[in-house]
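Only one structure is covered here, and it is reproduced in the block below.
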Amino acid sequence: MPRTRVPERLEKRAREIVEALDGTWSRSRGMCCCPAHDDRTPSLSVTIGVRAILFHCFAGCSNEAVLASLCRIGVKACELFDGRGEPIAARTRDDLVSQNALRLWRAASALTEGPAQTYLAGRQIRISSPDLRYHARTPLGPKGSVRFLPAMLAAVRNDEGILALHRTFLEPKTFRLARFDGP
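Heads up: the sequence shown begins at 6 in the numbering used here, then just goes up one per residue.
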């Protein structure tokens, strides 16, 4: 789906919100501390949607809680939207899954010397592929009980690009395959 340019006012306001919450802004998105819970490390993702500023708390806070907390610190709801009233085309679940995969992929780093290479070397695997990356805080689990683990990411592609990601979760201290009862 082609992305239309959002008003500069929306991006400017999103940046102001992120910076007010001690976060960082880069290329139309930011990460900051979530105002809905006692946050010491940034867990609130702030991005620009088709017509609004979008928020997602990776610690599991609901959007309602995030928006209510933003309101309490002086952010007006009308500042989060572009003001146009015409309907937009609905996106399919596949579009949304691909966007989430792309967002995580872009935040990951290329495989160099580090945890993912340690994991592969421990399994006697010596490969280099642009379709493998490493992310130190990969989300695992449903909203509300999400946790973050280091993971090696493998891109699942078709002719149009990345469809999904395969996540190989690693133990934070040993960088061996993580063991857990389930997602």
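Even glycine gets a Cβ: it sits at the ideal position worked out from N, Cα and C.
Please list the terminal residues of the continuous alpha helix (DSSP H) segment that includes residue i.
| i | result |
| --- | --- |
| residue 22 | 13-25 |
| residue 74 | 68-77 |
| residue 113 | Here residue 113 belongs to no alpha helix (DSSP H), and DSSP marks it neither H nor E. |
| residue 127 | 120-127 |
I need the straight-line Cα distance from residue i to residue j, nearest angstrom please.
| i | j | result |
| --- | --- | --- |
| residue 157 | residue 170 | 10 Å |
| residue 180 | residue 13 | 42 Å |
| residue 86 | residue 130 | 49 Å |
| residue 174 | residue 110 | 15 Å |
| residue 176 | residue 61 | 25 Å |
| residue 16 | residue 126 | 43 Å |
| residue 116 | residue 166 | 20 Å |
| residue 163 | residue 135 | 15 Å |
So residue i and residue j are supposed to be a Cβ contact under 8 Å. How far apart are they, rounded?
| i | j | result |
| --- | --- | --- |
| residue 71 | residue 39 | 6 Å |
Hey, quick one: how far does the beta strand (DSSP E) through residue i stretch, first residue to last?
| i | result |
| --- | --- |
| residue 155 | 152-163 |
| residue 166 | 166-174 |
| residue 49 | 49-53 |
| residue 61 | 58-62 |
Does the beta-carbon of residue i have 16 or more other beta-carbons within 10 angstroms, so that it is buried, or is it exposed?
| i | result |
| --- | --- |
| residue 182 | exposed |
| residue 7 | Summary for residue 7: the model assigns pLDDT 43, below 50, so the residue's position carries little reliability; its value from the coordinates is reported in the next sentence. Flag for residue 7 reads exposed. |
| residue 185 | exposed |
| residue 88 | exposed |
| residue 67 | exposed |
| residue 123 | exposed |
| residue 20 | buried |
| residue 143 | buried |
Does the stretch 47-57 come close enough to the stretch 27-37 that 3 or more CB-CB pairs lie under 8 Å? Judged by Cβ distances under 8 Å, the stretch 27-37 makes contact with the stretch 47-57, as three or more pairs qualify.
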